[in-house]
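So the structure is just underneath, and the comments pick up after that.
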Amino acid sequence: CHTSLNMSESPMTHLDFVPATAEDYRELMSISVGIYKGIDYLPYRYHAWLKDHRRRMFVAKTEGRIVGFESFLLVDDGETAVAQGLRLAPWMRGKGLAGIFKKFLLEKLHSDHPQVKRLRFVHVEDPSPSMLKKYKVIHSKAVVSVILPSDQLEEAIRLLEARLDSVEQLNNFTILEPAEILKLFYGTKTAEGLLGEHLLIQGWLPVTTQRSNLEMLFEKKITWIYSQAQNTSSSAEQQQTNLENKMNGGSPFLPPSPVGFLSLGTQAHPVPYAEATYQFEIDLFGYAPASAKIHVVQQLKLCIQSLPAGQSIIFHMFAEERLQAELGKMCEGLTQFFFVKKQVVLEMNILK
Numbered sequence: 001c002h003t004s005l006n007m008s009e010s011p012m013t014h015l016d017f018v019p020a021t022a023e024d025y026r027e028l029m030s031i032s033v034g035i036y037k038g039i040d041y042l043p044y045r046y047h048a049w050l051k052d053h054r055r056r057m058f059v060a061k062t063e064g065r066i067v068g069f070e071s072f073l074l075v076d077d078g079e080t081a082v083a084q085g086l087r088l089a090p091w092m093r094g095k096g097l098a099g100i101f102k103k104f105l106l107e108k109l110h111s112d113h114p115q116v117k118r119l120r121f122v123h124v125e126d127p128s129p130s131m132l133k134k135y136k137v138i139h140s141k142a143v144v145s146v147i148l149p150s151d152q153l154e155e156a157i158r159l160l161e162a163r164l165d166s167v168e169q170l171n172n173f174t175i176l177e178p179a180e181i182l183k184l185f186y187g188t189k190t191a192e193g194l195l196g197e198h199l200l201i202q203g204w205l206p207v208t209t210q211r212s213n214l215e216m217l218f219e220k221k222i223t224w225i226y227s228q229a230q231n232t233s234s235s236a237e238q239q240q241t242n243l244e245n246k247m248n249g250g251s252p253f254l255p256p257s258p259v260g261f262l263s264l265g266t267q268a269h270p271v272p273y274a275e276a277t278y279q280f281e282i283d284l285f286g287y288a289p290a291s292a293k294i295h296v297v298q299q300l301k302l303c304i305q306s307l308p309a310g311q312s313i314i315f316h317m318f319a320e321e322r323l324q325a326e327l328g329k330m331c332e333g334l335t336q337f338f339f340v341k342k343q344v345v346l347e348m349n350i351l352k
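Spelled out as structure tokens, the structure:
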């Protein structure tokens, strides 16, 4: 597989797009230095991605030199491609290469995977008007990021626990096994109440709750935690949320109390940011602030237990936007990690 394109608008007039290989790793990492503020996930996941039969990975080359990378993962029973991992060499940024790469991916999907109906990806800010002409916004979530130095982990956990609405509820949760997860989504109406637009966004991967997607997620080391709704706390949260919405000129929000709360803790992994530093992601599904805070504490405790001693943690919480203020308040006094404030899921219909 080898595709050539001309870049008439760039001094670099000839580009080759070829499948990425294990041998490309070192050169690809050299053009990735410093991106994503030192928390790039690709160094950790690259070789696993190469082995995933659902994923295609490509590098862009000019004069034999790697100048870009992007991949797509087939999800939703093969009907959707999720673009992930885009990066460009520093000297190629701002020259239109990202758009050319997207065009190449679309051509590749049309030729090799004609069953794919849509292209989906996650953006880190509100899309521009020009983007909205091509893509529609499917869902967006808030991102709250904090860095916990290794010598402050215990103190941070104590601080977070002190800010829980009810310490008694700390044990009101279940770590789910795959069979229980399938039952949760297919035996109840949980998905309707928990998931915005029926999308399960795991880290930076937006998928539907089709069984094939869930089984793909089961292959990863993800901690799934579920807690039943608490009627009394839900009532209090509802009153508080309604009051806040009313004060802000919004309409009252009725929390889906029958469905509880779900969180996914992705296995922590080392990042280039600093030595002995791991990145940990917590995806939160639900709307109850008290439950969200309990899940954050539980997921963080389990993460710390799984790591070697002396490791610092950069952790990101992905939650419904209405929970952003509560989670930010919960983390006051901790060191904020300035990464991004939101993730926006965009989608394009690509059927010819």
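Here UniProt numbering is used: the first residue of the sequence shown is 1, the next is one more, and so on. Note that beta-carbon positions come from the ideal geometry of N, C-alpha and C, so glycine has one too.
Legend entry - Beta-carbon contacts of Ser291 that lie in its chain and below 7 Å, excluding the five residues immediately before and after: The residue you call residue 291 lines up with position 291 of the sequence shown. So the qualifying residues of the chain are Ser227 and Phe261.
Inset, instruction - Output yes or no for whether 8 Å exceeds the beta carbon distance between Trp224 and Leu264. - result: Sequence index remark: in the sequence shown, residue 224 carries index 224 (1-based). Sequence index remark: in the sequence shown, residue 264 carries index 264 (1-based). Closer than 8 Å, so yes.
Legend entry - DSSP bridge partner residues for Arg45 (one or two, in chain order): Position 45 of the sequence shown, counted from the first residue, corresponds to residue 45. None; Arg45 has no bridge partner.
Legend entry - Start-to-end residues for the alpha helix (DSSP H) that takes in residue 433: The structure shown does not extend to residue 433, since the chain is modelled only from 1 to 352, so the question has no answer here.
Inset, instruction - Report the rounded CA-to-CA distance for Glu79 versus Arg118, giving the unit in angstroms. - result: In the sequence shown, counting from the first residue as 1, residue 79 sits at position 79. In the sequence shown, counting from the first residue as 1, residue 118 sits at position 118. Roughly 7 Å separates the two Cα atoms.
Legend entry - Buried versus exposed, by CB contacts within 10 Å (16 or more), Gln239: Position 239 of the sequence shown, counting from 1, holds the residue named residue 239. Annotation note: pLDDT 44 at Gln239 (below 50); position unreliable, coordinate value reported separately. Under this definition Gln239 is an exposed residue.
Inset, instruction - Since I believe Ala20 is in contact with Val58 (beta carbons under 8 Å), could you give me their beta-carbon distance rounded to a whole number of angstroms? - result: Taking the first residue of the sequence shown as position 1, residue 58 is located at position 58. Taking the first residue of the sequence shown as position 1, residue 20 is located at position 20. The question names Val, but residue 58 is Phe in the sequence shown. Between Ala20 and Phe58 the Cβ distance is about 6 Å, and since that is below 8 Å, they are a contact.
Inset, instruction - Assign Ser235 to buried or exposed, taking buried as 16 or more other Cβ atoms, counted over all protein chains shown, within 10 Å of its Cβ. - result: Indexing the sequence shown from 1 puts residue 235 at position 235. Any reading at Ser235 needs caution, since the residue's pLDDT is 42, under 50, leaving its predicted position unreliable; the model's value is listed next. Classification for Ser235: exposed.
Legend entry - Cβ neighbours of Ala83 in the same chain (closer than 8 Å, five flanking residues each side left out): As a working note, residue 83 is residue 83 in the sequence shown. The answer, listed in chain order, is Glu70, Ser71, Phe72, Lys102, Leu105, Leu119, Arg120 and Phe121.
Inset, instruction - Thinking Glu347 and Ser140 are a contact (beta carbons under 8 Å), I'd like their distance in whole angstroms, please. - result: Position 347 of the sequence shown, counted from the first residue, corresponds to residue 347. Position 140 of the sequence shown, counted from the first residue, corresponds to residue 140. Going by Cβ atoms, the distance from Glu347 to Ser140 rounds to 12 Å, so no, they are not a contact pair.
Inset, instruction - Output the boundary residues of the alpha helix (DSSP H) element that contains Glu213. - result: In the sequence shown, the residue the question calls residue 213 occupies position 213. Sequence inspection shows Asn at residue 213; the Glu mentioned does not correspond to that position. Residues Arg211 to Phe218.
Inset, instruction - Flag Asp165 as yes when its Cβ comes closer than 7 Å to any non-hydrogen atom of the ligand GTP, and as no otherwise. - result: Of ligands this structure carries none, so the ligand GTP is not represented either.
Legend entry - Nearest-angstrom Cα separation, counted from Tyr25 out to Gln202: By 1-based counting over the sequence shown, the position of residue 202 is 202. By 1-based counting over the sequence shown, the position of residue 25 is 25. Taking the straight line joining both Cα atoms gives about 25 Å.
Inset, instruction - Could you say which of Tyr287, Gln299, Gly94 and Ile100 lies nearest to Thr190 if we only look at CA atoms? - result: Taking the first residue of the sequence shown as 1, we reach residue 190 at position 190. Shortest Cα-Cα distance from Thr190 to any of Tyr287, Gln299, Gly94 and Ile100 involves Tyr287.
Legend entry - Alpha-carbon spacing of Met247 relative to Asn349, whole angstroms: Residue mapping note: residue 247 aligns to position 247 of the sequence shown, counting from 1. Residue mapping note: residue 349 aligns to position 349 of the sequence shown, counting from 1. Reliability of the predicted coordinates at Met247 is poor, the pLDDT of 45 falling under 50, and no value is obtained from them.
Inset, instruction - My understanding is that Ala268 touches Ile313, with C-beta atoms under 8 Å, so please give their C-beta distance in whole angstroms. - result: Numbered from its first residue, the sequence shown carries residue 268 at position 268. Numbered from its first residue, the sequence shown carries residue 313 at position 313. The pair is a contact, with the Cβ atoms about 7 Å apart (cut-off 8 Å).
Legend entry - Cβ-based neighbour list, Ser233, same chain, cut-off 6 Å, excluding 5 preceding and 5 following: Indexing the sequence shown from 1 puts residue 233 at position 233. With a pLDDT of only 44 at Ser233, under the threshold of 50, the placement of this residue in the model should not be trusted; the figure read from the coordinates follows. Excluding five sequence positions before and after Ser233, the CB atoms of its chain that fall closer than 6 Å to its own CB belong to Ala290, given in chain order.
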